[in-house]
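Just below is one structure, and these are the notes that go with it.
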Amino acid sequence: MRSLRADVISGRLRFDSSHPTEFIDLTDRLREHVRRAGLVTGRIHLQSLHTTLGLAINENEPLLLRDFQSMLERIAPQDATYLHDDFSRRVEIALDEPVNGHAHCRQLLVSGFATLLVEEGDLVLGRWQSVFAVELDGPRHRQLALQLDGDFADLVELELSRQLRADPEPIATPMRRLVEAGGKRMRP
Numbered sequence: 006m007r008s009l010r011a012d013v014i015s016g017r018l019r020f021d022s023s024h025p026t027e028f029i030d031l032t033d034r035l036r037e038h039v040r041r042a043g044l045v046t047g048r049i050h051l052q053s054l055h056t057t058l059g060l061a062i063n064e065n066e067p068l069l070l071r072d073f074q075s076m077l078e079r080i081a082p083q084d085a086t087y088l089h090d091d092f093s094r095r096v097e098i099a100l101d102e103p104v105n106g107h108a109h110c111r112q113l114l115v116s117g118f119a120t121l122l123v124e125e126g127d128l129v130l131g132r133w134q135s136v137f138a139v140e141l142d143g144p145r146h147r148q149l150a151l152q153l154d155g156d157f158a159d160l161v162e163l164e165l166s167r168q169l170r171a172d173p174e175p176i177a178t179p180m181r182r183l184v185e186a187g188g189k190r191m192r193p
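Sequential numbering of the sequence shown, starting at 6, is according to this note's numbering.
Pasting the structure below:
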């Protein structure tokens, strides 16, 4: 029986976008975070730390992603007039403030956060579902706040079990001796 402990782990997921609008599949990276942390059952919470970066769960099919991009462009075209872009009327403007009212409006159409369930050490996703960061004002360096909560496996036990699956021989002999000795240390 695996020993579990309830806990919360926080961190950041950093990445770079390369296009003005881009769907960046984070699914494998999130699975790796879950695996390395040893989260067995629980949740992984994601929150965008940017007002022009969203999160979405949908199918990673290139034509569908182009449809999503076209929809965002139709609803909030870049060349439309946005009050946000009229710097003469705004207060507290950064020196490097971009003209990006369209990106802020598009972000309202996607979520800035997502919570995914984890069961048996893996993300709970449907057959076609992937987790995306939706870049709306790229290219940029981005980061998401990440929090895993739930029941975590003991990492020593988890590492031993990984090594046993990868190359059982270096661990199997000493473990067998330990079991034969009733858990007491035996000299070889």
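From the three backbone atoms N, C-alpha and C, an ideal C-beta is built for every residue, glycine too.
Pick out whichever of PRO103, TRP133, ARG145 and VAL39 has its Cα sitting closest to the Cα of PHE92. Selected option, being the one with the closest Cα: PRO103.
Do the region 103-118 and the region 74-81 touch if we need at least three Cβ pairs shorter than 8 Å? The region 103-118 and the region 74-81 touch, with no fewer than 3 CB-CB distances between them shorter than 8 Å.
Any Cβ of chain C within less than 9 Å of the Cβ of PHE92? Although the question refers to chain C, the structure presented lacks it and comprises just one protein chain.
By Cβ distance below 6 Å, which residues in the same chain neighbour ASP12 in space, the five residues on each side in sequence not counted? Within the same chain, Cβ atoms closer than 6 Å to the Cβ of ASP12 are found at PHE157, the five residues on either side in sequence being excluded.
Ordered along the chain, which non-local residues of its own chain (more than five positions away) have a Cβ less than 8 Å from that of MET6? With a pLDDT of 46 at MET6, under the threshold of 50, the predicted position of this residue should be treated as unreliable, though the coordinate-derived value follows. If the five residues before and after MET6 are omitted, its C-beta is found closer than 8 Å to no C-beta atom of its own chain.
Nearest residue (CA-CA) to ALA85, options LEU128, LEU68 and ASN105: It is ASN105 whose Cα lies nearest to the Cα of ALA85.
Could you check whether HIS50 and LEU128 sit closer than 9 Å to each other, using their CB atoms as the reference points? For the 9 Å CB-CB criterion, LEU128 and HIS50 do not form a contact.
Check the DSSP bridge columns for ASN63 and list the partner residues they point to. Under DSSP, the beta-bridge partners assigned to ASN63 are SER135.
Within its chain, find whatever has a CB closer than 7 Å to the CB of THR56; leave out the 5 residues flanking it on each side and keep chain order. Once the five neighbours on either side are set aside, the close Cβ partners of THR56 are HIS109 and GLN112.
For the beta strand (DSSP E) that ASP154 lies in, which residues bound it at each end? In the DSSP assignment, ASP154 falls within the unbroken beta strand (DSSP E) covering 146-158.
Identify whether GLY16 lies in helix, strand or coil by the three-state DSSP scheme. Reduced to three states, the DSSP call for GLY16 is strand.
Selected residue, minimal CA-CA separation from TRP133, among ASP159, GLU27 and PRO67: Measuring from the Cα of TRP133, the nearest candidate turns out to be PRO67.
THR46 lies in the beta strand (DSSP E); which residues open and close that run? For THR46, the enclosing beta strand (DSSP E) begins and ends at 44-53.
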